[in-house]
Amino acid sequence: AQSVTQLGSHVSVSEGALVLLRCNYSSSVPPYLFWYVQYPNQGLQLLLKYTTGATLVKGINGFEAEFKKSETSFHLTKPSAHMSDAAEYFCAVRGQAGTALIFGKGTTLSVSS
Amino acid sequence: EAGVAQSPRYKIIEKRQSVAFWCNPISGHATLYWYQQILGQGPKLLIQFQNNGVVDDSQLPKDRFSAERLKGVDSTLKIQPAKLEDSAVYLCASSFTEDTQYFGPGTRLTVL
């Protein structure tokens, strides 16, 4: 069965610092992996996705993630944090039965000046 | 392009009352999803439609929750009767291809 584990429910960084949000997955089939961002009182917005092909995936707002099959990981990074990056981030894997997503519990990113 | 629309945005009810949420997906998206997001957790699938047929409703509490998508476009999710533990944000999403879902703003339900 598919599952997602996000390490760290809260991550705090200074503006300009590296952002690293960790995600490990379990999947019985080749995984489709996603990162979504959620701002307060809003729905989820897709940051990036991995389906097949290149394992380093670039997304919106300067974020990128690398699919590492050997480590079953899909960590999200951004070289330099901005105040506007403060939000909740969800890693997700596509379920086996259909195309619905299985989400991790989320990581809240705080950015201080 | 208009996004996924949901209404109402907020709803407060007493336990044992009924409530309904509405979702209008992006035009042309055949697949529609309802997710439940409890505070502090990631969204969890309740039901998935392909056009007007149900693909997956294995996690829908069918004794109290129901959903329909009669014409294969907009959808309604109903809870009757509501329990305290139903307090959550209900998210609707739609997709055209199988790898990208677009989410609406959600309906925040509070059950007192």
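Protein chains in written order, with this note's numbering: chain A, 1 to 113; chain B, 114 to 225.
Idealized CB from N, CA, C, for every residue including glycine.
As the structure is a prediction and not an experimental result, all values here were calculated from the model.
Under 8 Å between C-beta atoms of residue i and residue j
i, j, result
"L204 (chain B)", "G43 (chain A)", "yes"
"Y215 (chain B)", "A100 (chain A)", "no"
"N137 (chain B)", "D170 (chain B)", "no"
"V57 (chain A)", "K49 (chain A)", "yes"
"F103 (chain A)", "G155 (chain B)", "yes"
"D199 (chain B)", "L222 (chain B)", "yes"
Neighbouring residues, chain B, relative to residue i (Cβ below 8 Å)
i, result
"K105 (chain A)", "G153, Q154, G155"
Partners in chain A for residue i, counting only beta-carbon separations shorter than 7 Å
i, result
"Y203 (chain B)", "What Y203 (chain B) touches in chain A: nothing, since even the nearest Cβ is about 11 Å away."
"S200 (chain B)", "In chain order: nothing, as chain A lies at least about 16 Å away."
Which of helix, strand or coil DSSP assigns to residue i
i, result
"E127 (chain B)", "coil"
"N24 (chain A)", "strand"
"D199 (chain B)", "helix"
"S94 (chain B)", "Residue coverage of chain B in this structure runs from 114 to 225, which leaves residue 94 (chain B) outside it and unanswerable."
"N151 (chain B)", "The question names Asn, but residue 151 (chain B) is Ile in the sequence shown. Three-state result, I151 (chain B): coil."
"I102 (chain A)", "strand"
"L225 (chain B)", "coil"
"S80 (chain A)", "coil"
"T51 (chain A)", "coil"
"L204 (chain B)", "strand"
Chain-ordered neighbours of residue i on chain B, where CB pairs are closer than 7 Å
i, result
"Q42 (chain A)", "P218"
"A100 (chain A)", "Y146, L158, Q161, D169"
Strand pairing of residue i, partner residues [DSSP]
i, result
"G36 (chain A)", "At residue 36 (chain A) the sequence reads Tyr, which differs from the Gly that was named. Partner(s): A:L46, A:F90."
"F67 (chain A)", "A:F74"
"F134 (chain B)", "B:L190"
"Q197 (chain A)", "The structure shown has nothing for residue 197 (chain A), since chain A only spans 1 to 113."
"G166 (chain B)", "B:Q163"
"L109 (chain A)", "A:V11, A:A87"
"R177 (chain B)", "DSSP lists no partner for R177 (chain B)."
"V57 (chain A)", "A:A65"
"T210 (chain B)", "Answer is none; T210 (chain B) lacks a bridge partner."
"S120 (chain B)", "B:W135"
Below-8 Å beta-carbon distance, residue i vs any chain B residue
i, result
"T55 (chain A)", "no"
"Y32 (chain A)", "yes"
"L46 (chain A)", "yes"
"K69 (chain A)", "no"
"K78 (chain A)", "no"
"T72 (chain A)", "no"
"T115 (chain A)", "Past the boundaries of the shown model lies residue 115 (chain A); chain A is included only from 1 to 113, so the question cannot be answered."
C-beta neighbour in chain A for residue i, strict 8 Å
i, result
"Q214 (chain B)", "yes"
"T144 (chain B)", "yes"
"S208 (chain B)", "yes"
Heavy atom of the ligand FAD within 7 Å of residue i beta-carbon
i, result
"F74 (chain A)", "As for the ligand FAD, it is missing from this structure, which has no ligand bound."
Under 9 Å from the C-beta of residue i: neighbouring residues of chain B
i, result
"A65 (chain A)", "By Cβ distance, chain B contributes nothing, its closest Cβ being about 15 Å from A65 (chain A), past 9 Å."
"K58 (chain A)", "What K58 (chain A) touches in chain B: nothing, since even the nearest Cβ is about 15 Å away."
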